[in-house]
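Just below is one structure, and these are the notes that go with it.
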Amino acid sequence: LRREGYTMQVNVNDYLDIYCPHYNDSQRMVGTSEQYVLYMVNYRGYRTCDPQMGFKRWECNRPHAPHAPIKFSEKFQRYSAFSLGYEFNVGQEYYYMCEWSRAFI
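As numbered in the UniProt record's numbering, residues 1 to 105 make up the sequence shown, in order.
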């Protein structure tokens, strides 16, 4: 989002669910499918649309996944027991952005 973007307020232990674009088999021949790479960036990266100011969180690169769209969930928690889990601080702002491409499948 180029201007002010989309803002949401969350609490500790809330989830943010991201659903990737999904196309069924009958849509496979349409020509193009959207794919996204989602990043968590700092404020400057968000304002300048620069993913290099952050790190990759998810990659939506399976638009024809069987049965249903791929879903990623971000849990806003202070502490994570998982090595790939991210820890969030109360009252701090976090920024996400994406790069998209069309895949010719």
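C-beta: ideal position from N, C-alpha, C; glycine also.
**Report entry** Same chain only: Cβ atoms within 6 Å of residue 85, ignoring 5 sequence neighbours per side
**Finding:** As a first step, residue 85 is located in the sequence shown; it is residue number 85 there, counting from the start. For residue 85, where only same-chain residues beyond five positions count, there are no Cβ hits under 6 Å.
Query raised in the report: Given 8 Å as the limit, is there contact between the region 3-17 and the region 52-69, that is, 3 or more CB pairs closer than that?
Result: no
Query - Per DSSP, cross-strand counterpart(s) of residue 88 - result: Taking the first residue of the sequence shown as 1, we reach residue 88 at position 88. Answer by DSSP bridge pairing: none, since residue 88 is not bridged.
Requested in this report: With DSSP as the reference, label residue 94 as helix, strand or coil.
Outcome: Taking the sequence shown and counting its residues from 1, one reaches residue 94 at position 94. It is coil, neither helix nor strand.
Query raised in the report: Where does residue 57 fall in DSSP's three states?
Result: Mapped onto the sequence shown, residue 57 falls at position 57. Note: residue 57 maps to strand in three-state DSSP.
Query raised in the report: Just reading off the beta strand (DSSP E) that residue 36 is part of, what are its end residues?
Result: Working through the sequence shown from its first residue, we reach residue 36 at position 36. Where residue 36 is concerned, the enclosing beta strand (DSSP E) stretches over 33-41.
Query raised in the report: Sorted by chain position, which residues of the same chain lie with C-beta nearer than 8 Å to residue 77's C-beta, five sequence neighbours on each side aside?
Result: Along the sequence shown, read from residue 1 onward, the residue named residue 77 stands at position 77. Closer than 8 Å at Cβ, skipping near neighbours: 12, 13, 85, 87, 88.
Report task. Return the CA-CA distance between residue 52 and residue 24, expressed in angstroms with no decimal places. Result -> Position 52 of the sequence shown holds residue 52. Position 24 of the sequence shown holds residue 24. Near 33 Å, if we compare the C-alpha coordinates of residue 24 and residue 52.
Query - residue 15, DSSP secondary structure in three states - result: As a first step, residue 15 must be located in the sequence shown, where it is residue number 15. Residue 15 falls in the strand class under three-state DSSP.
Query - Unbroken beta strand (DSSP E) run spanning residue 73, endpoints - result: Working through the sequence shown from its first residue, we reach residue 73 at position 73. Residues 71-75.
Query - Burial state of residue 100 (16 or more Cβ within 10 Å) - result: As a working mapping, residue 100 is identified with position 100 in the sequence shown. Counting Cβ neighbours within 10 Å, residue 100 comes out exposed, since fewer than 16 surround it.
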